[in-house]
Structures are given as C-alpha cells and as structure tokens.
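Mapping to the numbering used here: the sequence shown position 56 is 1016, numbers consecutive. Ideal placement from N, C-alpha and C gives every residue a C-beta, glycine not left out.
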Amino acid sequence: MDMRPCSVAGMFYPAEPRHLEQLLETFFRNRAPGVDARGIVSPHAGYVYSGETAACAFSTIPPDFDGTFVVIGPSHRGYMTCVSAIPWETPLGIVDVDTEFVDALDIEIDELSHRSEHSIEVQMPLIKYRFPRARVVPVLMGEQSYEAATLLADQVLRAAGHTGRNVRIVASSDFSHYVPDEVARRQDLSAIDALKTLDIPEFYRRLQETGATVCGYGPIASMCIACRSLGANRGELLRYTTSGDVTGDLDQVVGYAAIAVV
C-alpha cells in the first residue's frame, strides 16, 4: 500500500512507539477537556520544545472526535499549495486520509512535495494518539497571502458541505523565529491579539508592522476564516512559550502558541 512514510521521526519526535506513547501520555495527562474548538493553532517544532503546547491545543477537541481533521501546514520549501491523498505513517500506526474530502477539495495532489515537509507530519502522532478513529486531509500551503488564505478557506468549506463531514481545522505554525525572547513575545502577542477577534486583515497588518516571522500565517488565516463561517467568533490563547523556556537561551528563540478558535 502506498503511504507517506515518517520523515522526521527520531528527530522531531521519538521513533520508538513506546517512548512516543509515554511522551504523549505525559503531554495530555491531567488536561481538562476544554471547549469543543472548531479549529486550533498547533506548533510544529520538536516535541521537546513545543509538544506540550501542541497537546494543549488538541485538548480543546473531545477525544472521541471521529470526524475529519483538515491539517494545513506551510511549505518551508516554497512548493505550491497541494494535498496528500495517501495514508500517513506514524510510529503509533497509520493515519487514514479522507479521500472523498480530498477529491471534493479540488486541489492538486502532490505526494512528492509532502514527503519531506515536517509541518504536517509533526501533527500526525498527536492526532493518532488522541483521536485514533479520526481521518485527515493534509494540505500543504504555498502562497500565504490574504487572498490565498481566503480561497483555501472557501475550498475547505465547499468540500465540507459537499461531503457532510464533521471537520476540525488544524493550522500548523510556529511564531517568531530566532529573535530575543522579549522581542518574540512582543511581536507574537501583538499578532495573537488580532486573532482573539478573528480579525484577519488586522492580523496581516500586525505581522507586517512588527516583522514577526510567523511561518504558518497563511494556514492560521485560512483556518480562522473557515471557522468563522462555521460559527466561531473568537480565538482563545491557551498557552504561549518559547524555546528559551526549555534551553534557557533567551538571545535567539522561537515562539510557540496553542490557540483555540471557538
């Protein structure tokens, strides 16, 4: 069977199933179920840096969710927007793709572009562990303009309507990259404030104004636009951390946020 193999297991997260399961159990332990979020922002760094923050985001979705996750990640290599239509391997087992939803999306399928991109892969073990019956639609986003984000949101909404699927949307993104901790927090929290009201034009304006290097700003925007059409009216910042919280090095950090859109 054709499948998308693990590319960053053993680097971003443990490759050994028992070790990975124990780590995820630690991340999710004692997390009270939050609101049933329509969408979330989840980071995609190594689990040692951002795994707990990612688990905080996924914890806002009930663990018995068995619908479809549309996982939108930025292309770090500049590929155009494309979707994957084959199952994804994780150390915990296979995550199935919702192929009917993929067909309804009407976005080009490009497995090669997905093969070495980590932004979506890092979400898959979390989904497999927390939501074993859920399926996924992996969307790699190339152009991240406001217009591109709006178009992708419309495509997701049309596919959801056509298939009748119960969907949750995951925007995979880290926040500021390789700046002092205080700069990262100032830039990132300014951008996140705009997300609290789902004001996406203001989100783009603040990114441009502050120069915040948010790698997945397009996926975040697309998720928020789609969720607003599905009835969401606000974003909630659940947790914000930086790599400096782990390493102690505050001179050059990467920011991570868990955000629920409800």
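Are the Cβ atoms of residue 1222 and residue 997 separated by less than 8 Å?
On the sequence shown, position 262 is the one that residue 1222 refers to. On the sequence shown, position 37 is the one that residue 997 refers to. Yes, the Cβ-Cβ distance between residue 1222 and residue 997 is below 8 Å.
Within 10 angstroms of its Cβ, does residue 1145 collect 16 or more other Cβ (buried), or is it exposed?
As a working mapping, residue 1145 is identified with position 185 in the sequence shown. Result: buried.
Residue 1095 to residue 1026 span [Cα, whole Å]:
If you number the sequence shown from 1, residue 1095 lands on position 135. If you number the sequence shown from 1, residue 1026 lands on position 66. Roughly 7 Å between the two C-alpha positions.
According to DSSP, is residue 1178 part of a helix, a strand, or is it coil?
Looking up residue 1178 in the sequence shown gives position 218. Helix, per DSSP.
Could you tell me which residues DSSP puts in a beta bridge with residue 1220?
As a first step, residue 1220 must be located in the sequence shown, where it is residue number 260. The partner list for residue 1220 (beta bridge, DSSP) reads 1000, 1196.
For a test of the three-state rule: what should DSSP assign to residue 1011, helix, strand or coil?
Position 51 of the sequence shown, counted from the first residue, corresponds to residue 1011. Three-state DSSP puts residue 1011 in a helix.
Output needed for residue 1060: all residues of its chain with C-beta closer than 6 Å, excluding positions within five of it in sequence on either side, in chain order.
Looking up residue 1060 in the sequence shown gives position 100. Counting only Cβ-Cβ distances below 6 Å, and skipping sequence neighbours, we find 1123.
Nearest residue (CA-CA) to residue 982, options 1190, 1161, 1090, 1172
In the sequence shown, residue 982 corresponds to position 22, counting from 1. That would be 1090, whose Cα lies nearest to the Cα of residue 982.
Taking only three categories from DSSP, how would you classify residue 987?
Translated into positions along the sequence shown, residue 987 becomes position 27. Helix at residue 987.
Give the DSSP bridge partners of residue 1131, in chain order.
On the sequence shown, residue 1131 is found 171 positions in, with the first residue counted as 1. Its beta-bridge partners are 1001, 1032.
Can you tell me the Cα-Cα spacing of residue 1001 and residue 1217, whole angstroms?
Along the sequence shown, read from residue 1 onward, the residue named residue 1001 stands at position 41. Along the sequence shown, read from residue 1 onward, the residue named residue 1217 stands at position 257. Whole-angstrom Cα-Cα distance: 7 Å.
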